[in-house]
Every structure is written in C-alpha cells, then in structure tokens.
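Student: Chains as they are written, first to last, in our numbering: chain A, 1 to 232; chain B, 233 to 464.
Ideal Cβ placement from N, Cα and C applies to all residues, glycine included.
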DNA sequence: CAGCGGCGTAATCGAACTGTAACGTATCTC
DNA sequence: GAGATACGTTACAGTTCGATTACGCCGCTG
C-alpha cells in the first residue's frame with residue numbers, strides 16, 4: 001500500500017484531502033506546519049508528498065529543496081499545492097523539483113487522479129496488450145490467439161505479460177527473474193529457459209515462429225515483428 | 233535528443249509551441265489534424281506526445297486510446313491540451329492514460345517545464361546510437377545498416393557499442409579489453425584484432441570502408457566521418 | 001492418501017561463439 | 001633495402017550457451 005505525506009496548514013483542506021486519500025486506500029501521514037515537515041518525511045518514508053507552498057511558518061519551496069537534497073527522499077514525487085497562479089511561481093516550483101503543480105482551488109478527484117499517475121510509473125498500464133493475433137488481457141489474466149483461448153499458468157502469464165509490455169526490448173535472465181519471480185527469488189537463471197520454452201510451445205505452434213526472440217549472450221525479447229498482421 | 237510529437241489544430245498555437253520546443257533543443261514532428269496522428273506517432277517514435285483533445289476531425293481521447301493500445305507507443309507519455317476545464321473532463325483525460333493535463337490558456341514555459349519533468353531521472357545514455365546508415369539499438373541489442381539487420385555476436389555487439397559511444401576517440405587494445413571483456417579478463421590483446429576484423433567484414437562490406445579506423449601504434453577508433461550523412 | 005498440475009533443477013546435446021596460434025602483408029627504422 | 005614491428009587474415013579446437021528432456025518436489029483436490 002502506498003503512503004502519502006501531506007503538508008497543508010488550512011485545516012479544512014487538510015481534513016478534506018486526508019479523508020479522500022484514506023478513502024482511496026492510501027496510508028496517510030501529515031502535518032499542518034512546515035516546521036517538522038522534513039523530519040516527518042524522513043520518518044514516514046512516504047511514496048509521495050503533497051506540499052503546500054504557502055505555509056505560515058516556512059516556505060514550501062525550501063522544504064522541497066530539503067527533500068531533493070536528502071538521499072533517501074530525493075526520488076520521492078512531490079506535488080505542489082498553491083494559490084499562486086503566476087507564471088514564474090509555477091515555473092520555479094516545477095524546476096525546483098516538483099513533479100506536479102496544482103493551483104487552488106482544485107478538484108479533489110483531479111488531485112487523486114494525478115497522484116495515481118505517479119504510481120502508475122512511467123507508463124500507464126494498458127489493460128489489454130496486443131500483438132497481431134495475440135491478445136493478453138491483464139484484468140482477466142487470459143491470453144487469446146486468434147479468438148482461441150490459451151491456457152497459461154500464473155508464472156507463464158506473468159512472464160509473457162512482462163515481455164509483451166515492452167516489445168522488442170531485450171531482457172537478461174537476471175532482469176526477468178527480478179520482474180517475474182520477485183527480488184527475493186531463490187531460483188536458478190536456467191529456469192527462465194524452461195518457461196520460455198513452455199511459452200513457445202503453447203504459442204508458437206499456433207501462431208508461427210519467433211514470437212519470443214532469443215538473443216544469445218543477452219537474453220530474450222518479445223518480437224512484435226513476428227506477429228502476423230501486427231501493427232508495427 | 234528527445235523527440236516530441238504535437239497534435240494541435242490551431243495554427244498560431246501550433247507554431248508557438250513548435251518554436252519553443254525547437255528552441256529548447258527538442259526534435260519536433262507534428263500535425264494539425266487528428267486523422268494521421270497515430271500514423272505519425274508510429275513513424276516518428278516520439279519520446280513524448282502533446283495532444284489537443286478538441287480537434288475538428290477527430291477526438292483526442294480516441295487518439296490517446298489508440299496510442300495506449302499500440303504496443304510500441306503505449307509507454308510514451310502523453311500530455312493533454314484542452315480548453316475544457318470541467319472536473320469530469322479532467323478526470324476522464326487523466327484516467328484514460330494521459331500523464332498530464334494542461335488547460336488552455338496556459339503558459340508556454342509551464343508546458344516546457346512539465347515536459348522536462350517527464351524526462352527527468354532517465355538514463356543519460358541514448359538508447360540508439362546512429363552514424364549515417366548505421367544504427368545500434370542498445371535496448372534491442374540489434375544493429376541495422378540501411379534498414380537491413382546485421383547479426384552480431386554478443387562480444388561483437390559490445391565492442392561496436394563501445395566504439396560508437398565515443399566516435400572518433402582512439403582506444404588502445406588494453407582499453408578495449410577492459411571495457412568490453414571486463415577487468416578480470418584473461419585474453420590476449422591480439423584478440424581485439426580478430427573482433428575488429430569480424431566487425432569490418434560484417435559492416436564494411438555493405439557500407440563501404442573505414443568505419444573502423446586503425447591507428448597504427450595506438451589502437452582503433454570508430455570513424456564517424458566515414459558514414460555518409462553522419463549525424464554524430 | 002493418491003492423483004494431478006504446476007514449479008524448479010539437473011543433465012544432455014548440438015550449434016554457435018570464443019580466443020589463440022600461425023602465417024601473410026603493410027609500415028616503419030636505420 | 002633488410003630487419004623489425006605492427007596489423008590483417010585464416011583456420012581450428014575448446015568452450016559456452018541455449019533448447020530440450022526427464023525428474024523430483026510441493027500443494028491442492030477429490
């Protein structure tokens with residue numbers, strides 16, 4: 001579960017945001033003063049920080065600078081909240097290291113939506129991955145090939161999903177193990193070979209060869225070119 | 233250099249944004265209609281897409297859906313541009329897969345700042361090395377020469393990658409061994425000669441001579457001058 | 001508890017890659 | 001121009017790498 005820290009002096013707004021964050025299932029921590037803000041962040045290790053710029057006791061920009069300077073916090077996304085709408089204010093905020101900037105008054109749902117973008121990572125998750133005849137449905141955990149469903153095991157599915165999510169990109173066995181088996185894996189890298197084989201047996205027999213490309217000395221990649229009728 | 237695609241029907245705004253993007257050093261491509269927008273993106277492979285939602289001939293939301301459904305484009309950040317400021321419009325845009333949402337009228341400098349946020353924290357090394365007809369794709373572990381793929385072994389690839397990463401610079405065999413074979417190598421320096429030869433055989437036969445320059449008494453260097461129409 | 005399906009390991013085989021030695025050729029030195 | 005040095009080229013033997021098969025180990029289900 002993602003944890004969010006909120007620094008906002010206005011009590012009403014503080015409560016409103018807190019209520020909505022918790023309703024969305026985020027862990028919450030917050031402060032209505034800027035004084036202990038940095039300590040709070042260090043202690044809580046949030047996944048995202050919402051920061052009001054205009055605080056009675058300190059400047060939100062300074063707090064942001066402090067966050068960026070702190071090695072453990074520097075990578076945490078910061079969303080600025082402010083009433084200042086002037087051009088220079090916005091630019092300064094964004095260039096200072098904020099990841100987003102929302103001008104008051106704003107819609108709470110928009111704030112939530114923007115928060116979720118940051119957790120989506122670089123790429124928004126597509127629900128259905130397509131490559132020619134091959135379709136992978138993330139929500140249903142199903143794979144179809146030309147209308148025909150293909151039965152995959154959980155590990156096979158995750159492996160295919162990961163490969164299809166970045167078609168063409170070559171991944172080492174190491175990377176695949178991290179992504180599919182998890183960081184705390186206790187698995188030989190040869191295991192990847194076996195699963196690649198199993199995927200190939202289930203998919204290539206129907207769809208033709210080379211769906212998964214072996215790159216000798218490097219690893220494997222999903223070959224979007226190989227799919228018949230693929231929208232390359 | 234990052235490439236940005238802009239889809240915007242308003243001529244004045246189109247020109248304004250284009251001017252500012254190019255001034256900032258971004259590569260630019262764009263269209264003032266929504267019709268060929270997806271084609272354009274597929275062709276240009278941009279690093280970021282700026283998309284007007286209200287287009288005379290098509291809906292920006294549909295284009296965004298198309299982008300997200302396309303395996304090669306689905307990870308590209310999309311920034312929406314729109315005059316609609318209502319809450320639902322914003323939410324729909326953001327939840328549909330947009331990474332950011334800017335309401336007109338806006339400050340150009342803010343747009344630029346928001347674009348830069350998306351590129352922040354990415355690996356400084358370019359993913360594709362180009363020299364004229366020759367293209368080396370680091371993520372795909374592939375080398376193309378005038379559209380034609382060239383099959384290289386892992387060692388050949390790493391050697392070429394290293395040479396191309398610093399075109400014109402002369403490296404001693406010693407340095408090449410350290411960089412490509414690793415510090416704990418147990419390899420004769422003459423081995424480098426053999427790999428240089430193999431690269432030349434695979435590349436120069438198609439592309440003309442002198443891609444890799446021998447510098448007697450010193451070592452080898454990638455010759456960016458030799459490539460016709462080199463960008464280096 | 002026996003059967004089943006999924007999971008991961010180990011062993012085998014063949015193809016592809018790797019590095020070295022040896023020889024040929026160009027270039028420099030005196 | 002002879003000798004020395006550095007580089008180009010070839011051929012080969014050893015090794016590595018990936019595909020594949022077979023097997024034992026769970027955890028579930030009937």
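Taking CB distances under 8 Å as the criterion, tell me whether residue 250 of chain B reaches chain A.
Tutor: To locate residue 250 of chain B, count along the second chain from 1; it is residue 18. Taking Cβ atoms only, chain A never reaches closer than 8 Å to residue 250 of chain B, which makes this a no.
Student: Give the straight-line distance between the Cα atoms of residue 164 of chain A and residue 129 of chain A, rounded to the nearest whole angstrom.
Tutor: The residue given as residue 164 of chain A occupies position 164 in the first chain. The residue given as residue 129 of chain A occupies position 129 in the first chain. Answer to the nearest angstrom: the Cα atoms are 7 Å apart.
Student: Along chain B, in chain order, which residues have C-beta atoms closer than 8 Å to that of residue 163 of chain A?
Tutor: Taking the first chain and counting its residues from 1, one reaches residue 163 of chain A at position 163. When 8 Å is used as the limit between beta carbons, residue 163 of chain A is near no residue of chain B, the shortest such separation being about 11 Å.
Student: Applying the criterion that 16 or more other CB atoms from any shown protein chain within 10 Å of the CB defines a buried residue, is residue 195 of chain A buried or exposed?
Tutor: Residue 195 of chain A sits at position 195 when you count from the first residue of the first chain. That one is buried.
Student: Hey, would you say residue 412 of chain B sits closer than 8 Å to residue 453 of chain B, going by beta carbons?
Tutor: In the second chain, counting from the first residue as 1, residue 412 of chain B sits at position 180. In the second chain, counting from the first residue as 1, residue 453 of chain B sits at position 221. Contact flag unset, no.
Student: Does the segment 33–49 of chain A come within contact of the segment 87–97 of chain A, defined as at least 3 CB pairs closer than 8 Å?
Tutor: Counting Cβ pairs under 8 Å, fewer than three are found: no touch.
Student: For residue 239 of chain B, tell me which candidate among B:445, B:256, B:348, B:289 has the shortest Cα-Cα distance.
Tutor: Along the second chain, read from residue 1 onward, the residue named residue 239 of chain B stands at position 7. Nearest C-alpha to residue 239 of chain B: B:289.
Student: Counting along the chain, where does the beta strand (DSSP E) carrying residue 420 of chain B start and finish?
Tutor: Taking the first residue of the second chain as 1, we reach residue 420 of chain B at position 188. Counting along the chain, residue 420 of chain B sits inside no beta strand (DSSP E), nor does DSSP assign it H or E at all.
Student: Which residue comes first and which comes last in the beta strand (DSSP E) that contains residue 293 of chain B?
Tutor: Within the second chain, the letter at position 61 stands for residue 293 of chain B. Counting along the chain, residue 293 of chain B falls outside any beta strand (DSSP E), though it belongs to the alpha helix (DSSP H) covering 292–301.
Student: Hey, could you find the ends of the alpha helix (DSSP H) residue 112 of chain A is sitting in?
Tutor: Working through the first chain from its first residue, we reach residue 112 of chain A at position 112. Looking at the DSSP string, the run of the alpha helix (DSSP H) that includes residue 112 of chain A is 108–120.
Student: With residue 32 of chain A as the anchor, note down where its alpha helix (DSSP H) starts and where it stops.
Tutor: On the first chain, residue 32 of chain A is found 32 positions in, with the first residue counted as 1. Taken as a continuous stretch (DSSP letters only), residue 32 of chain A belongs to no alpha helix (DSSP H), as it is neither H nor E.
Student: Enumerated in chain order, which unbroken segments of the beta strand (DSSP E) with a length of 3 residues or greater are wholly contained in the segment 357–443 of chain B?
Tutor: 360–363, 366–369, 374–377, 380–382
Student: Against chain B, with Cβ distances strictly below 8 Å, would residue 87 of chain A count as a contact?
Tutor: Position 87 of the first chain, counted from the start, is the residue given in the question as residue 87 of chain A. Yes, because at least one Cβ of chain B sits closer than 8 Å to the Cβ of residue 87 of chain A.
Student: Is it buried or exposed, residue 143 of chain A, if we count other Cβ atoms within 10 angstroms and call 16 or more buried?
Tutor: As a first step, residue 143 of chain A is located in the first chain; it is residue number 143 there, counting from the start. Residue 143 of chain A is buried by the Cβ-count criterion.
Student: Cβ of residue 373 of chain B less than 8 Å from any chain A Cβ?
Tutor: The sequence position of residue 373 of chain B within the second chain is 141, counting from 1. By this cut-off, residue 373 of chain B is an interface position.
Student: Look up residue 333 of chain B in the DSSP assignment and give the residues it is bridged to.
Tutor: As a position in the second chain, residue 333 of chain B is number 101, starting the count at 1. Looking at the DSSP assignment, residue 333 of chain B forms a beta bridge with B:312.
Student: With respect to the beta strand (DSSP E) encompassing residue 253 of chain B, which residues constitute its N-terminal and C-terminal limits?
Tutor: As a first step, residue 253 of chain B is located in the second chain; it is residue number 21 there, counting from the start. From DSSP, residue 253 of chain B is part of no beta strand (DSSP E) but of the alpha helix (DSSP H) over 243–255.
Student: Using the beta-carbon of each residue, which ones in chain A are nearer than 9 Å to residue 316 of chain B?
Tutor: Locating residue 316 of chain B in the second chain gives position 84, where the first residue counts as 1. Simply none; closest approach about 13 Å.
Student: In angstroms, rounded to a whole number, what distance separates the CA positions of residue 272 of chain B and residue 263 of chain B?
Tutor: Start at 1 with the first residue of the second chain, and residue 272 of chain B comes out as number 40. Start at 1 with the first residue of the second chain, and residue 263 of chain B comes out as number 31. The alpha-carbon separation between residue 272 of chain B and residue 263 of chain B amounts to approximately 8 Å.
Student: Residue 167 of chain A CB to nearest chain B CB: under 8 Å?
Tutor: Here residue 167 of chain A corresponds to residue number 167 of the first chain, with the count starting at 1. At a cut-off of 8 Å between beta carbons, residue 167 of chain A contacts chain B.
Student: Per DSSP, residue 2 of chain A is paired with what?
Tutor: Taking the first residue of the first chain as 1, we reach residue 2 of chain A at position 2. DSSP lists no partner for residue 2 of chain A.
Student: Put residue 52 of chain A into one of helix, strand or coil per three-state DSSP.
Tutor: Numbered from its first residue, the first chain carries residue 52 of chain A at position 52. It is a strand residue.
Student: According to the neighbour-count rule (16 or more other Cβ atoms, all chains shown, within 10 Å of its Cβ), is residue 243 of chain B buried or exposed?
Tutor: Position 11 of the second chain, counting from 1, holds the residue named residue 243 of chain B. The residue in question, residue 243 of chain B, is exposed, as its Cβ has fewer than 16 Cβ neighbours within 10 Å.
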